[in-house]
Each structure stands twice: as C-alpha cells, then as structure tokens.
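K.L.:
Here you go, one structure.
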Amino acid sequence: MTSTKEIKNQINSVINTKKITKAMEMVAISKMRKTEERMRLGRPYCEIIGKVIHHILQGNLEYKHSYLESRNIKRACIIIVSTDRGLCGSLNTNLFKQVLFKIQDFAKINIPCDLILFGLKSLSVFKLYSGSIISSVTKLGEKPEISKLIGSIKIFLEKYQKNEIDRVFIAYNKFQNKLLQYPTISQLLPLHSEKKILYKKKINWDYLYEPESKLILDTLFDRYIESQIYQGILENIASEQAARMVAMKTATDNSGNRIQELQLVYNKIRQANITQELTEIISGASAVSAD
18 MTSTKEIKNQ INSVINTKKI TKAMEMVAIS KMRKTEERMR LGRPYCEIIG
68 KVIHHILQGN LEYKHSYLES RNIKRACIII VSTDRGLCGS LNTNLFKQVL
118 FKIQDFAKIN IPCDLILFGL KSLSVFKLYS GSIISSVTKL GEKPEISKLI
168 GSIKIFLEKY QKNEIDRVFI AYNKFQNKLL QYPTISQLLP LHSEKKILYK
218 KKINWDYLYE PESKLILDTL FDRYIESQIY QGILENIASE QAARMVAMKT
268 ATDNSGNRIQ ELQLVYNKIR QANITQELTE IISGASAVSA D
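Residue numbers for the sequence shown follow the numbering used here, so the first one is 18 and each next one is one higher.
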C-alpha cells in the first residue's frame, strides 16, 4: 500500500511542475503579443507586393523570366519552417505530416524532393529521412534577420534557374488567431496567380520600364520570394508562441486536477491509517480488560 509520505512527495512534485508550466505560460503570452504584432506588421508589405506580382502576371510580358516558366516536374524543393524549441503541442507534428504526405505524393510518380529546413525541430526529424537536405538554418529567434535567410534562398533560386529543380514549395504554420494555427503548403515557383481574371477579349499589354525590364523584374521577383519566406517564418513564430501558451495552460490545468486527485488519495490513506490505529488501540484495550 502506498504510504502518505510517497503521496505527499508526488503532490509536491506536481506543485513544482505546475509552477514551471504557469511561468512558461506567462512568458509565452508576453512573447506572443510581440511576435503577433511583428507578424501583422509584415502582412501589408506581402499583400501589396503580391498584388503587384498578380497584376504583372496578367500582362503579356516582353521579358520572359525563368520564374514564370511552367515546365514538367522532374525534381521539387520544399522549404520547411519549424520551431527551434518544443513544448508547443502538435504544432510541428501536424506540419510534418502534411509535408510527408506531399513528399509521398511526389514519390509515387518518381519525383525526388530537395529540402531546405528552417528550425531545429525540422532538422532533427528530416535528417533521418532519405531526402536531400540542401540547406538548413537554425536558431532564428523571435526576431529573425533576413540576412540569415539569403544564403538558403540563393541556393534554391540558382538551382531553379539552372533547371535542377522545377517546383518550389514553402510549408509553415499560418497564424489565424490565438487558438487556431494551421499547416500551410504553398507554391513559390514558378510564380502563378491564384486569382483568375476572365476578360471578354484578350488584351496584350505590358509595362513601360525604366531603366530596363530585366533589371526591374529580376529584383521585383527576388524581393517577392524573400518576402513570402520571411513572412512565413514570422507567421510560424507567432503560431509557436500561441501554441505554447495553450499547451502550457493545458499542462497547468492538468497539474491542478492531478493535485486534487492526489490530495483525495492522500486523505483516504491517512483516514485509513487513523482508522486502523484506532482499531488496534481498541482491540488492545479490549484484550487487556478481558484479562
């Protein structure tokens, strides 16, 4: 039978755990506010540059950029954005499942996938996978710097321009609200417009560029790719803090429930011990009086 001392030790252990999870919950709340604000500040730029790209794709461009070429898929590349730390519920797990499904779909039609990994969790999981990891970046922190990403971005852009890869996707957790973050996989290259505009008659038009279309479009398309990746990382960081806040709150609540359960067990055992001692005393007294 478990002793009251053992139960008391378990209660103290759970109380200490509850203090830790409560502290981590408060830290996550503080960080979430900052990361959410940083993420929302980045959205307008992404939306505006996305509209510019969308409008450009509706025209008949004289300069045919390689990012606009739709070609047969022989090799794909997936950029996976994960967290560096754990204790954020199933955030990373749900994302990795979607990525693995995507990889399996390509594998069924004999298309290999190169991987670019952002975050320690993705590195620890996909280094065990037989796919080709062409670049990885870890420890981006709550304030990621675009300079840390440029090297990895250049790698897959050069491979795409050399026809070594034919599709590029980015996988990250999109922040909807404090309680909902969902895994997203979107196509980066080739550039395509998700909105379909139906014209009554086809109109061929193009911009007037100064100084030249090649220089402007090369720069614009590169900035667009960089902005999409950077915003995806900001979304994932905000999702991480929100998921950690929820996970730590759940852990704190579960610790409180566990403490109550152990307290009931402790009281029952203590009551049983007292009853047993009283029974022994009364039995002893009865035996003495009988003598």
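For every residue, glycine included, the Cβ atom is placed at its ideal position computed from N, Cα and C. What you are looking at is a predicted structure, and each value in this text was computed from that prediction instead of being measured.
1) Go through its chain and collect everything with a Cβ distance to Y80's Cβ below 7 Å, but skip five positions before and after it.
2) Does the beta-carbon of K138 have 16 or more other beta-carbons within 10 angstroms, so that it is buried, or is it exposed?
3) State buried or exposed for E162, treating a residue as buried only when at least 16 other CB atoms are found within 10 Å of its CB.
4) If you scan the segment 94–162 from start to end, which runs of the alpha helix (DSSP H) of 4 or more residues do you find wholly inside it?
5) Rank L225, S300, T292 by C-alpha distance to the C-alpha of I73 and give the top, closest one.
6) For the beta strand (DSSP E) that I202 lies in, which residues bound it at each end?
7) Taking 8 Å as the limit between beta carbons, can you name the residues of its chain near M265, skipping five residues before and five after?
8) Could you check what DSSP says for N271 in three-state terms: helix, strand or coil?
9) Go ahead and label E252 buried or exposed: buried means 16 or more other beta carbons lie within 10 angstroms of its beta carbon, across all protein chains shown.
10) Kindly identify the DSSP beta-bridge partner or partners of A304.
11) Should L134 and L140 be called a contact, given that it needs their Cβ atoms to be closer than 7 Å?
12) Go ahead and pull the three-state DSSP assignment for N26.
13) Tell me the residue span of the alpha helix (DSSP H) that contains V165.
14) Measure the C-alpha to C-alpha separation of G249 and I65 and round it to an integer number of angstroms.
15) With a Cβ-Cβ cutoff of 7 Å, do D101 and G136 count as a contact?
16) Got a sec, what are the start and stop residues for the beta strand (DSSP E) I182 sits in?
17) Does DSSP classify I90 as helix, strand or coil?
18) Taking the alpha carbon of G262 as the point to measure from, which residue in L174, V98, K48 has its own alpha carbon closest?
19) Between the alpha carbons of Q193 and Q245, how many angstroms are there, rounded?
20) Between the Cα of D122 and those of M56, S83, A93, spot the shortest distance and give me the residue it belongs to.
21) Cα-Cα, which of S152, I276, I96, E181 is closest to I187?
22) Looking only at C-alpha atoms, which of H82, T110, N29, N271 sits nearest to C199?
23) What did DSSP end up calling N77 once you bin it into helix, strand or coil?
24) Taking C-alpha atoms, which residue in Y241, I167, N33, C130 lies nearest to I150?
25) Is the Cβ-Cβ distance between I32 and Y283 less than 7 Å?
26) Determine the burial state of K217: buried for a count of at least 16 other Cβ atoms within 10 Å of its Cβ, exposed for fewer.
27) For F186, which beta-bridge partners are listed by DSSP?
P.N.:
The structure says:
1) Correct list, in chain order: S230, K231, L234.
2) Classification for K138: buried.
3) Exposed.
4) Within the segment 94–162, the complete alpha helix (DSSP H) runs of at least 4 residues are 108–125, 137–143.
5) Considering only alpha carbons, the answer is L225.
6) Start and end: 197–206.
7) Excluding residues within five positions, the ones whose Cβ falls inside 8 Å are T38, K39, M41, E42, A45, L104.
8) Residue state, collapsed to three classes: helix.
9) The residue is buried, with at least 16 neighbouring Cβ atoms inside 10 Å.
10) Paired residues: none, contrary to the question.
11) Result yes, Cβ atoms of L134 and L140 sit closer than 7 Å.
12) Reduced to three states, the DSSP call for N26 is helix.
13) In the sequence as displayed, the identity of residue 165 is Lys instead of Val. K165 -> alpha helix (DSSP H) spans 164–178.
14) Counting only the Cα atoms, I65 lies some 16 Å from G249.
15) G136 sits close to D101, with the two beta carbons spaced by under 7 Å.
16) In the DSSP annotation of this structure, I182 is not part of any beta strand (DSSP E), being labelled neither H nor E.
17) Coil at I90, not helix or strand.
18) Residue 262 is actually Met in this sequence, not Gly. The option with the nearest alpha carbon to M262 is K48.
19) Distance between the alpha carbons of Q193 and Q245 is about 17 Å.
20) Closest option to D122, Cα to Cα, is A93.
21) Out of S152, I276, I96, E181, the CA that lies nearest to the CA of I187 is found in I96.
22) In the sequence as presented, Cys is not what sits at residue 199; that position holds Tyr. The shortest C-alpha separation from Y199 is found at T110.
23) N77 falls in the coil class under three-state DSSP.
24) Checking every option, the nearest Cα to that of I150 belongs to C130.
25) No, they are not a contact pair.
26) Caution applies to K217, whose pLDDT of 41 falls short of 50 and renders its modelled position unreliable; the value that the coordinates give is listed next. The residue in question, K217, is exposed, as its Cβ has fewer than 16 Cβ neighbours within 10 Å.
27) Partner(s): I95, Q204.
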